[in-house]
Amino acid sequence: MRHLVTETATISATSAKAGSGRFVSRKASRSCRYVFPCSILNSKYCIDTMRLLCHGVLIQIESAPHNWNIVMGTIFSEELMEGRGPKYQRLADGLMAAIRSGTLPEGEKLPPVRELAWELKITPGTVARAYSILGNGGWVSAEVGRGTFVRPQNACPNSRPSSRTGNVKHQAHALHSEPETDFLFAPRLPDVGQVDIIRDALRATAELPESLLLRYPFYGSQSYLREALLAHIPEQERGGITADDIVVTNGGQNAIMLSMQTLLAEGTRVVMVEEHSYPGLRRAVELLGAKVVAVPMDEQGVDPQALAHVARSSGASLLFTMPEAHNPTCRVTDTARRHEVVDVARTLGFHVVQDDCYRLGPARGPSYRALLPEQSWFISSFSKTISPALRAGYVVTPSGWAGKLRRVVDVNYFGVSSPTAEVLYQVLSHPDLERSMMEMRQRNREYIQVAVNTLGRFELGWSHDVPFFWLKLPYGWRVSNFCQKAENKGIRVRPGDDFALRDGPSPQAVRISVNGQMPLDRFRSVLAELVELLDNPTDTLSV
């Protein structure tokens, strides 16, 4: 039997515990490694003692792969899913009970999603959802490229008297109301480290001084957050804005509503939008008693000549547009076209409101706020890059308009709450945020690439840095019929007529979103089911 040797020390083969893993010797001056399966070694030490010994002599222990055939037949059986309720919740509850009892000890690796799904005769999506509940509740941690592992008991909900058990219950109640479908209706973000960032931010926020927890928020008290938001905007995208031009909001939708209230109070009550546009804007405008009119588009976005015609004929006071990541078509307006739009707006005197909530990567052109600072608004949020749970967004107002928007904020809710502002500040200041956002962008690219590879022979609008894509239906399909057939298969997509004006034509297309909480293989399988559906249109006859 060989001994494990480094440059500085030797460790006996008897210091390994049989079956616990394997030794890897790393010489300090070389890149070679010697690997010895622990199952062939005799031992009197536990694995933790071995790790301590090995640390001192530059030896690393790597766990041996699980024999899932053995483990599946013992712990991971159909008994895990006893009880009532949705399958994913029963599985999550069973795994929590196994962790609580010690049947699944600290550090235990859970089976891969597809293997457990096969063993329990359920879908991979059901297992992935159960794992997501465990992860959000702090029971397990997912490590990219390695798998999902049981967290230490002192980090689990049952050993924390303060919060997490209740949080898991609240989450379970929320999920119970959702049908068990493959959800591609709206983007869902994977956890790429931002959950821990948010938890760190919440812990820091708990230490706020009493004065901030017992008083109304006011504009001057949150200048630090506006400075952080300004620093978060890439320098090449700022276009001369200052922190005083920024107004913090409760998410992107709130930013839209506040901007509409401010603008429609001073101008004509007509808003121009792209012919297919975000339905949340249309509903906000209608709620304010104003009118929405459509501007025709081409492959570059808003048609400048059509824009001028609609603006003159309607007397509209503003244009709401999405030049970076148009929702739902993914079209991008190039720099030359943006200058043309600005020329029309400057000539006719209407404002331009740019919604930039969906872009994950760098901007592909100057913002309208940079090109026309006296008449342009810029809206963004962190719902697609960090988490929609934060409800954090902001508006960059035109020069001299921040005070008007702040008055509208004061009338609505006095300002973003101090704890919310502090959480956002802590998140933006976190040293791991940039890495997390880069990982989010990379993960989205992987899903979009799968979509393009699977659906590429159809007419598809997409971008690597946008978490959805636009699929025009082939001949033989009506959008309502297609969505119904997809839902019959348990797949939810968003119909194109959601993005049309109430009196406008309905596009025969669907928007399909990236569900980053769905395993990539499952996402590929779901899209393959849609391909089968697309290839076999069905007519619905009625009398």
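Per the numbering used here, residue 10 is the first one in the sequence shown, and the count goes up by one each step.
C-beta atoms are modelled at their ideal positions from N, C-alpha and C, and glycine is treated no differently.
Applying the 10 Å Cβ sphere with the 16-neighbour rule, what's the burial state of residue i?
| i | result |
| --- | --- |
| Gly310 | buried |
| Tyr140 | buried |
| Tyr422 | exposed |
| Arg208 | exposed |
| Ala274 | exposed |
| Glu284 | buried |
| Leu61 | With a pLDDT of 46 at Leu61, under the threshold of 50, the modelled position of this residue cannot be trusted; read the value that follows with caution. By the 10 Å Cβ count, Leu61 comes out exposed. |
| Ala215 | exposed |
| Asn453 | buried |
| Asp474 | buried |
| Ser72 | With a pLDDT of 42 at Ser72, under the threshold of 50, the predicted position of this residue should be treated as unreliable, and no value is reported. |
| Arg378 | buried |
| Thr338 | buried |
| Asp191 | buried |
| Lys393 | buried |
| Ala137 | buried |
| Leu217 | exposed |
What would DSSP say about residue i, mapped onto helix, strand or coil?
| i | result |
| --- | --- |
| Trp386 | strand |
| Ala509 | strand |
| Phe32 | Here Phe32 scores only 37 on pLDDT, less than 50, and its place in the model should not be relied on; the value that follows carries that caveat. Of the three classes helix, strand and coil, the one that applies to Phe32 here is strand, per DSSP. |
| Gly370 | coil |
| Ser286 | coil |
| Gly103 | helix |
| Ile142 | helix |
| Ser527 | According to the sequence displayed, residue 527 carries Met and not Ser. Three-state DSSP puts Met527 in coil, outside helix and strand. |
| Val280 | strand |
| Asp544 | coil |
| Lys300 | strand |
| Leu469 | strand |
| Lys130 | coil |
| Ala320 | helix |
| Lys96 | helix |
| Ile457 | helix |
| Trp197 | The sequence shown places Arg at residue 197, rather than the Trp named in the question. Arg197 falls in the strand class under three-state DSSP. |
| Asp419 | helix |
| Arg487 | coil |
| Tyr434 | helix |
| Pro397 | helix |
| Phe532 | helix |
| Val353 | helix |
| Gly111 | coil |
| Gly412 | helix |
| Pro440 | coil |
| His348 | helix |
Starting from residue i, follow its DSSP beta bridges and name the residues at the other end.
| i | result |
| --- | --- |
| Glu152 | Gly156 |
| Tyr403 | Val257 and Ser389 |
| Thr330 | Gln363 |
| Ala293 | Its beta-bridge partners do not exist; DSSP assigns none. |
| Val311 | Met306 |
| Pro504 | Val519 |
| Lys118 | Phe158 |
| Lys481 | Ala518 |
| Asp191 | Ile500 |
Which residue's Cα is closest to the Cα of residue i: the options?
| i | options | result |
| --- | --- | --- |
| Thr429 | Leu221, Cys366, Ala137 and Glu538 | Leu221 |
| Gln245 | Asn259, Arg291, Val149 and Arg373 | Arg373 |
| Arg436 | Leu482, Trp148, Val149 and Ala240 | First, the residue type needs correcting, since residue 436 is Val and not Arg in the sequence shown. The shortest Cα separation from Val436 among Leu482, Trp148, Val149 and Ala240 belongs to Ala240. |
| Arg487 | Pro504, Tyr377, Asn145 and Glu295 | Pro504 |
| Gly144 | Ile131, Trp410 and Phe158 | Phe158 |
| Ala354 | Pro114, Arg123, Ser326 and Arg340 | Ser326 |
| Asp441 | Tyr97, Phe532, Ser286 and Ile395 | Ile395 |
| Ala411 | Trp386, Lys393 and Leu433 | Trp386 |
| Leu328 | Arg340, Leu104, Met306 and His360 | His360 |
| Met269 | Gly289, Ala293, Asp254 and Pro288 | Ala293 |
| Ser322 | Trp479, Ala101, Ser438 and Thr277 | Thr277 |
| Gly499 | Leu125, Phe532 and Ala264 | Phe532 |
| Tyr287 | Arg123, Val418 and Ile265 | Ile265 |
| Lys96 | Leu113, Ile108, Gly134 and Glu124 | Gly134 |
(message) Closer than 8 Å is the cut-off here; do at least three beta carbon pairs connect the segment 338 to 347 with the segment 445 to 458?
(response) no
(message) So, does the segment 300 to 320 touch the segment 345 to 365, judging by three or more C-beta pairs under 8 Å?
(response) yes
(message) Within 8 Å, do at least three Cβ pairs link the segment 119 to 127 to the segment 513 to 520?
(response) no
(message) When you compare the segment 358 to 374 with the segment 326 to 341, are there three or more beta-carbon pairs, one atom per stretch, that lie closer than 8 Å?
(response) yes
(message) Contact between the segment 286 to 304 and the segment 465 to 485 is defined here as three or more beta-carbon pairs at a separation below 8 Å; is this criterion met?
(response) no
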